[in-house]
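Here the numbering used here runs 9 ahead of the position in the sequence shown, where the first position is 1. Just so you know, even glycine gets a beta-carbon here, dropped at the ideal spot from N, CA and C. Below is one structure, written out as structure tokens; comments come after it.
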Amino acid sequence: MHALLVEDDDRMARALGTALAQRGHTVRRVGRALDALRHVHEAGFVLLDLGLPDLDGLELLRRLRAVCDAPLIVVTARCEERDIVQGLRAGADDYVVKPFRMAELMARIDTVRRRTDPRSGRAGADPGGAGGFDGRTVRTGDVEVDLAGRTVRVAGVDVRLTRREFDVLAFLAARPDEVHSREVILDRIWGDVFLAASRSLDVHVAGIRAKTGRSHLVRTVRGFGYQLGSPTAPAQGDGAR
Ligand code: CA
């Protein structure tokens, strides 16, 4: 796929360009906002640095979104919650803070591309993550999550979760191979990424673990977010990051 890399730092651009090329993408790198606007129409996806010499990155993001629907990931040193919120609100599909691990960024690109694939519909209108999974049951260990029926069974016994708890579990279960950032979960399920700093999500995850009696059903990826876990596996969340 063709990537538009908007990055004014040469070293960073080289590293990203190499990694993208290794994964089979073609890359156009631009260092200025005006060039980004000129070339965005050809992009299959966009990586956007916010600190650019000729225009504020958030303003560029808004302008890009006005003309282009391609998946877009902000890659920036700005790590304040306010910046992340503004970036997501302005239409970024994900937000990666520098310094980052290249493998993680590449995985997030794949995730965003899948999520925004027009054939599957954008997930923004799909708060529980269950749309498109009608009739699908996700099994991990002895836990069964029926996404359409909104039921959870552990060792064959129904477990009652609250609506929000189920939403969180279903969101993770619908994409079990992916790690989901706190911001994305909160934005999709609560509709409010401002909650990212709050304990709401952790409380719901704790509820899921307690009620199912499977503490590894939800895996914590420290400092980032959560993933569906394997309830029979030994503790594995702590070293993940
Ligand atoms: Ca920069």
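{"Check": "First and last residue of the uninterrupted alpha helix (DSSP H) at V76", "Outcome": "66 to 76"}
{"Check": "C-alpha distance - A86 paired with K107, whole-angstrom precision", "Outcome": "5 Å"}
{"Check": "DSSP beta-bridge partners of H153", "Outcome": "In the sequence under discussion, the amino acid at residue 153 is Glu, which differs from the His named in the question. Beta-bridge pairing links E153 to R148, R162."}
{"Check": "Nearest residue (CA-CA) to R197, options D78, V154, R173", "Outcome": "R173"}
{"Check": "Any non-hydrogen atom of ligand 1 within 7 Å of L61 CB", "Outcome": "yes"}
{"Check": "Cβ-heavy atom distance, D151 to ligand 1, below 7 Å", "Outcome": "no"}
{"Check": "Check: D19 C-beta below 7 Å from any heavy atom of ligand 1", "Outcome": "no"}
{"Check": "Rounded separation between V154 and R71 - CA only", "Outcome": "38 Å"}
{"Check": "Length of the line joining the Cα atoms of A99 and V84", "Outcome": "14 Å"}
{"Check": "Residues sharing a beta bridge with V168, DSSP", "Outcome": "V161"}
{"Check": "Cβ-based neighbour list, R37, same chain, cut-off 6 Å, excluding 5 preceding and 5 following", "Outcome": "L13, H48"}
{"Check": "contact_flag[the region 228 to 241, the region 181 to 198] where n(CB pairs < 8 Å) is 3 or more", "Outcome": "yes"}
{"Check": "As assigned by DSSP and simplified to three states, the class of Y104", "Outcome": "strand"}
{"Check": "Reference E90; option with closest CA among V76, P80, C77, V105", "Outcome": "V105"}
{"Check": "Reduced DSSP category for T35 - H, G, I as helix; E, B as strand; rest coil", "Outcome": "strand"}
{"Check": "D44 CB to nearest heavy atom of ligand 1 below 7 Å", "Outcome": "no"}
{"Check": "Between the CA atoms of R74 and T27 - distance to the nearest angstrom", "Outcome": "26 Å"}
{"Check": "Counted within 10 angstroms of its Cβ, other Cβ atoms place A6 as buried (16 or more) or exposed", "Outcome": "Limits of the chain in this structure are 10 at one end and 250 at the other, which puts residue 6 out of reach."}
{"Check": "Contact test: D65 Cβ vs ligand 1 heavy atom, cutoff 7 Å", "Outcome": "no"}
{"Check": "Segments of 3+ residues assigned as beta strand (DSSP E) that fall wholly inside the region 170 to 236", "Outcome": "227 to 230"}
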